[in-house]
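Student:
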Amino acid sequence: MLAREPTERANNYDFVKDLILKRYRLNSEKLKQCFYRHQKSAEKSWRNYAHELNSYFTEWIAELQVKTFEQLKDLLITEQLKYRVPAEVREHFLDDWIKLKTPYELAEKLDEYESIKPQCDKLKKNYETVASNETVRNGTDVLAPYTSLGTVNGIEMPILQDTGATLDLICKKYVKPSMFINETVWIRTPLEETAVCLPMAEIELDCVFGHVITKAAVLRDSLDQ
Numbered sequence: 043m044l045a046r047e048p049t050e051r052a053n054n055y056d057f058v059k060d061l062i063l064k065r066y067r068l069n070s071e072k073l074k075q076c077f078y079r080h081q082k083s084a085e086k087s088w089r090n091y092a093h094e095l096n097s098y099f100t101e102w103i104a105e106l107q108v109k110t111f112e113q114l115k116d117l118l119i120t121e122q123l124k125y126r127v128p129a130e131v132r133e134h135f136l137d138d139w140i141k142l143k144t145p146y147e148l149a150e151k152l153d154e155y156e157s158i159k160p161q162c163d164k165l166k167k168n169y170e171t172v173a174s175n176e177t178v179r180n181g182t183d184v185l186a187p188y189t190s191l192g193t194v195n196g197i198e199m200p201i202l203q204d205t206g207a208t209l210d211l212i213c214k215k216y217v218k219p220s221m222f223i224n225e226t227v228w229i230r231t232p233l234e235e236t237a238v239c240l241p242m243a244e245i246e247l248d249c250v251f252g253h254v255i256t257k258a259a260v261l262r263d264s265l266d267q
């Protein structure tokens, strides 16, 4: 990182400090994920947990240059709107998604998209209705836009990014006995008919959001599909 810099700059403490902070600084989207997904570990107090959440939130809104109550209100309403936007619609705004900070700006773009969509030639064609069964041959192709490669507890694997999720899931085979914490959670997954009680474990993620230590519910290995 410093190899390309002149010698006088490489020996300047303030310059090196700013360069390192800039290199490892999280962007607004990663800070938001840290705020929403950060879990309390067993050894930390609730006061420490509250302090960590406060730090992530403060850095998140600072990165977006939110300085007034009105700007904060716009941001939170916009986040609620974004949460309700279907994934297939969100794909059309990926380049501007993070930059959209006001609800009416986002709403205008969404209304414009929905007004143009019915005019698409492909959508205006009349298709003959036929009975057919379509099989998705490769489920990974469907999830590809939402999956990134990272490491979980040092093991490289695809990581599904679900910003609407409130809890991470991990298969038991990736969890060491020492990682389990004295906590459980009741959840109902699409693969279960009834709610099940799952143990919790502390895991380490290295992904597009950076290095994250969080908690996850541990699934049985048979669900690792």
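Going by our numbering, the first residue of the sequence shown is number 43, and it counts up by one from there.
Even for Gly, the Cβ is constructed at its ideal location relative to N, Cα and C.
#1: Is Asp210 helix, strand or coil by DSSP?
#2: For the beta strand (DSSP E) containing Trp228, name the first residue and the last one.
#3: Out of curiosity, what's the CA-to-CA distance linking Ala104 and Asp116?
#4: Tell me the residue span of the beta strand (DSSP E) that contains Lys257.
#5: Between the C-alpha atoms of Tyr169 and Glu133, what's the straight-line distance to the nearest angstrom?
#6: From Glu85, Leu114, Trp139 and Leu261, pick the residue whose C-alpha is nearest to that of Tyr125; which is it?
#7: Answer with buried or exposed for Leu148, where buried requires no fewer than 16 other C-beta atoms within 10 angstroms of its C-beta.
#8: Excluding sequence positions up to five away, which residues of its chain have a Cβ less than 7 Å from the Cβ of Gln81?
#9: Rounding to the nearest angstrom, what Cα-Cα distance links Trp228 and Leu261 in this structure?
#10: Quick one: Cα of Glu85 to Cα of Glu225, how far?
Tutor: On the basis of the coordinates in this document:
#1: strand
#2: Phe222 to Ile229
#3: 14 Å
#4: Gly252 to Leu261
#5: For Tyr169, the predicted structure reports a pLDDT of 48, less than 50, and the residue's modelled location is therefore unreliable. The matter cannot be settled from this model.
#6: Trp139
#7: buried
#8: Thr256 and Lys257
#9: 12 Å
#10: 12 Å
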